[in-house]
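Structure first, commentary second.
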Amino acid sequence: MKRISKIVTMLLACIMLFSLVGCGKADTGKALYGTWAMDVDLSEELNREMGDEFAGFDGKLVITLKFDFNEDGSFKMYADKEALRESFAGWMDSFVAFSLDVMYAQFEDMGLSREEADELVQSSYDCTMEEYIRAMMESSVDIDAMADEMETKGIWEAKGDKLYMSEGSKIDVNSFDIFEVSGDTLTLNLPEGATDDSDIPGLSYPYSLHKVK
3 MKRISKIVTM LLACIMLFSL VGCGKADTGK ALYGTWAMDV DLSEELNREM
53 GDEFAGFDGK LVITLKFDFN EDGSFKMYAD KEALRESFAG WMDSFVAFSL
103 DVMYAQFEDM GLSREEADEL VQSSYDCTME EYIRAMMESS VDIDAMADEM
153 ETKGIWEAKG DKLYMSEGSK IDVNSFDIFE VSGDTLTLNL PEGATDDSDI
203 PGLSYPYSLH KVK
């Protein structure tokens with residue numbers, strides 16, 4: 003399913019966005035030590051990508067991105083697998099329910115009642131309409147594999163209120179976010195004069211993360 007690949011594309015894009023935004027340690031970096039998390043709502047963009055026949059579908063898909071800032075200057079960014087599984091399961095239930103109505107409507111346009119459509123699918127695939135739709139979706143997306151592919155590691159550095167992050171072995175001094183830690187909240191913002199050129203749905207500056215440990 004080409005449309006289902008949109009899920010993978012958007013989730014990966016969320017992770018890669020941050021990896022493009024640092025090895026040493028600075029005093030200001032101590033406030034960043036530990037794990038932080040933020041939720042990214044992909045629902046609106048993903049639902050829009052489903053196509054005209056799914057107009058009105060309002061399934062909810064939210065991923066939780068986590069960021070580990072370690073004292074040795076390394077970082078890891080990854081999706082919370084448990085939260086992702088739970089959110090996708092809910093989205094899947096909504097999609098299957100909506101898809102049933104869409105498919106029944108298509109069969110009715112062909113002159114088949116719901117009962118006749120059920121019998122046709124059962125005889126052709128040895129399963130119910132709902133089971134058929136769910137099986138097609140589940141075969142298209144491997145959530146655990148997707149989450150593993152999204153994991154990113156690198157180095158980070160904090161100088162003053164500037165946070166540098168890089169997947170490579172060197173920090174790019176021209177690429178950074180402005181950060182502020184207040185209690186258990188980490189806020190990331192663009193440098194003055196910079197423009198937010200990200201087209202990642204559900205993400206826009208400033209980013210607000212909460213401390214989880």
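Letter by letter, the sequence shown follows residues 3 to 215 of the numbering used here. All C-beta atoms in this analysis are idealised placements derived from N, C-alpha and C, irrespective of residue type, glycine included. Because the structure is a prediction, the values reported are computed rather than measured.
- request: In angstroms with no decimal places, state the Cα-to-Cα distance between SER76 and TYR35.
  value: Stepping through the sequence shown from its first residue, residue 76 is reached at position 74. Stepping through the sequence shown from its first residue, residue 35 is reached at position 33. The straight-line gap from Cα to Cα measures roughly 10 Å.
message: For GLU73, which residues in the same chain have their Cβ closer than 6 Å to its Cβ, ignoring the five residues on either side in sequence?
response: Mapped onto the sequence shown, residue 73 falls at position 71. Answer for GLU73: TYR35, listed in chain order.
- prompt: By the 10 Å Cβ neighbour count, where 16 or more other Cβ atoms means buried, how is GLU194 classified, buried or exposed?
  reply: Here residue 194 is taken as the residue at index 192 of the sequence shown, counted from 1. By the 10 Å Cβ count, GLU194 comes out exposed.
message: Taking the alpha-carbon of PHE178 as reference, which of SER184, THR197, ASP82 has the nearest alpha-carbon?
response: Taking the first residue of the sequence shown as 1, we reach residue 178 at position 176. It is THR197 whose Cα lies nearest to the Cα of PHE178.
- prompt: What does DSSP give as the partner residues of GLY156 in its beta bridges?
  reply: Within the sequence shown, the letter at position 154 stands for residue 156. GLY156 is bridged to PHE77.
task: Look up TRP38 in the DSSP assignment and give the residues it is bridged to.
output: To locate residue 38, count along the sequence shown from 1; it is residue 36. PHE69, LYS213, per the DSSP bridge assignment.
query: What is the rounded straight-line gap between the Cα of ALA119 and the Cα of ASP103?
result: Counting from 1 along the sequence shown, the entry for residue 119 is found at position 117. Counting from 1 along the sequence shown, the entry for residue 103 is found at position 101. Cα-Cα distance, rounded: 12 Å.
- prompt: Do LEU67 and ALA57 have their C-beta atoms within less than 8 Å of each other?
  reply: Taking the first residue of the sequence shown as position 1, residue 67 is located at position 65. Taking the first residue of the sequence shown as position 1, residue 57 is located at position 55. No, they are not a contact pair.
task: Starting from the Cα of ALA85, find the closest Cα among TYR134, ASP54, GLU132, ALA149 and give me that residue.
output: Start at 1 with the first residue of the sequence shown, and residue 85 comes out as number 83. Checking every option, the nearest Cα to that of ALA85 belongs to ALA149.
- request: Could you name the residues of the same chain whose beta carbon sits closer than 7 Å to that of PRO208, not counting the 5 residues immediately before and after it, in chain order?
  value: Start at 1 with the first residue of the sequence shown, and residue 208 comes out as number 206. The residues are THR189, LEU190, ASN191.
- prompt: Where does CYS25 fall in DSSP's three states?
  reply: Walking along the sequence shown from the start, residue 25 turns up at place 23. The pLDDT assigned to CYS25 is 37, lower than 50, so where the model puts this residue is not dependable; a value taken from the coordinates is nonetheless given after this. Correct three-state label for CYS25: coil.
- prompt: Could you give the distance in angstroms between the alpha-carbon of LYS155 and the alpha-carbon of TYR127?
  reply: Position 153 of the sequence shown, counted from the first residue, corresponds to residue 155. Position 125 of the sequence shown, counted from the first residue, corresponds to residue 127. LYS155 and TYR127: Cα-Cα distance of roughly 44 Å.
field: Identity of the residue in GLU182, GLY170, ARG50, ILE157 nearest LYS164 by Cα
entry: Here residue 164 refers to the residue found at position 162 when the sequence shown is read from its first residue. Closest option to LYS164, Cα to Cα, is GLU182.
task: Would you kindly check if the distance between the Cβ of MET79 and the Cβ of SER210 is under 8 Å?
output: As a first step, residue 210 must be located in the sequence shown, where it is residue number 208. As a first step, residue 79 must be located in the sequence shown, where it is residue number 77. For SER210 and MET79, no; Cβs fall outside 8 Å.
message: Here's the rule I'm using: 16 or more other beta-carbon atoms within 10 Å means buried, otherwise exposed. How should SER171 be labelled?
response: Along the sequence shown, one-based indexing puts residue 171 at 169. SER171 comes out exposed.
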